[in-house]
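Take any residue in the sequence shown, count from 1 to its spot, add 11: that is its number in the numbering used here. Heads up, the beta-carbon is just placed ideally off N, CA and C, and yes, glycines get one too. What follows is a short report on a single structure.
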Amino acid sequence: MAGVNHAIPPETLAVRPMLAADLADVRRIYRAGIETGDATFETVVPRREVLQRRWLAGHRWVAERAGRVAGWAALSPVSGRACYHGVAETSVYVAAAERGTGVGTALLRHTVLAADDGGLWTLQTAIFPENGPSIALHRGAGFRIVGVRERIGRLGDRWRDTVLMERRRPD
Numbered sequence: 012m013a014g015v016n017h018a019i020p021p022e023t024l025a026v027r028p029m030l031a032a033d034l035a036d037v038r039r040i041y042r043a044g045i046e047t048g049d050a051t052f053e054t055v056v057p058r059r060e061v062l063q064r065r066w067l068a069g070h071r072w073v074a075e076r077a078g079r080v081a082g083w084a085a086l087s088p089v090s091g092r093a094c095y096h097g098v099a100e101t102s103v104y105v106a107a108a109e110r111g112t113g114v115g116t117a118l119l120r121h122t123v124l125a126a127d128d129g130g131l132w133t134l135q136t137a138i139f140p141e142n143g144p145s146i147a148l149h150r151g152a153g154f155r156i157v158g159v160r161e162r163i164g165r166l167g168d169r170w171r172d173t174v175l176m177e178r179r180r181p182d
């Protein structure tokens, strides 16, 4: 796959369900993503309980290499309204040392397949335009750009745009 660093063989990577014991590593990786300034509007890592309530049960994953959490992915419902019960938003975060090694690809592939099997029909994400690797990752998983939401929110003292992307389950 173009853009993937093959220096670390992907077969050394395992994707598995996220466990409560993984949350310290998940939160550490999330914090590093927040600190980049180009991953999320969040400015602090939500508490464990908040994350567990936010994410859909059965749609929380970690990628593990050599016994260490290398990244994580989770789906969140986009709305509490019944008509949107099959629509979820993706979150994918990779540890800084693991970026470019196939972790994001493995996590997003696993997330998409589980969503398809789990009856979800649309996955969406909102990515800062400056986060080219995340846009490319999602395109590689079958997401398309729906549009750009200009000045959709403030991060600190700066207005930020987001690129809205979606993937529909094939019928």
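- Annotation: serine 90 is outside any beta strand (DSSP E) and is labelled neither H nor E by DSSP.
- Between alanine 32 and alanine 74, the C-beta spacing is not below 8 Å.
- Between the stretch 110–125 and the stretch 142–156 there are three or more C-beta pairs closer than 8 Å, enough to call the two in contact.
- Taking all protein chains shown into account, isoleucine 156 has fewer than 16 neighbouring C-beta atoms within 10 Å of its C-beta and is therefore exposed.
- In its chain, beyond the 5 residues on either side, Asp127, Trp132 have a beta carbon closer than 6 Å to the beta carbon of arginine 180.
- Straight-line spacing of the CA atoms in aspartate 49 and aspartate 168 works out to 14 Å.
- The straight-line gap separating the alpha-carbon atoms of valine 114 and threonine 23 is approximately 10 Å.
- Membership of leucine 118 in any beta strand (DSSP E) is not indicated; the residue belongs instead to the alpha helix (DSSP H) covering 114–128.
- A check of alpha carbon separations from valine 105 across Pro57, Gly97, Ala43, Ile163 identifies Ala43 as the nearest.
- In the three-state scheme derived from DSSP, where H, G and I count as helix and E and B as strand, alanine 25 is classed as strand.
- If you look at glycine 78, you'll find it isn't in any alpha helix (DSSP H); DSSP assigns it neither H nor E.
- The beta-carbon separation of alanine 84 and tryptophan 72, rounded to 5 Å, stays under the 8 Å limit for a contact.
- Less than 8 Å divides the Cβ of glycine 97 from the Cβ of glycine 130.
- At a Cβ-Cβ threshold of 8 Å, glycine 158 and leucine 134 do not count as neighbours.
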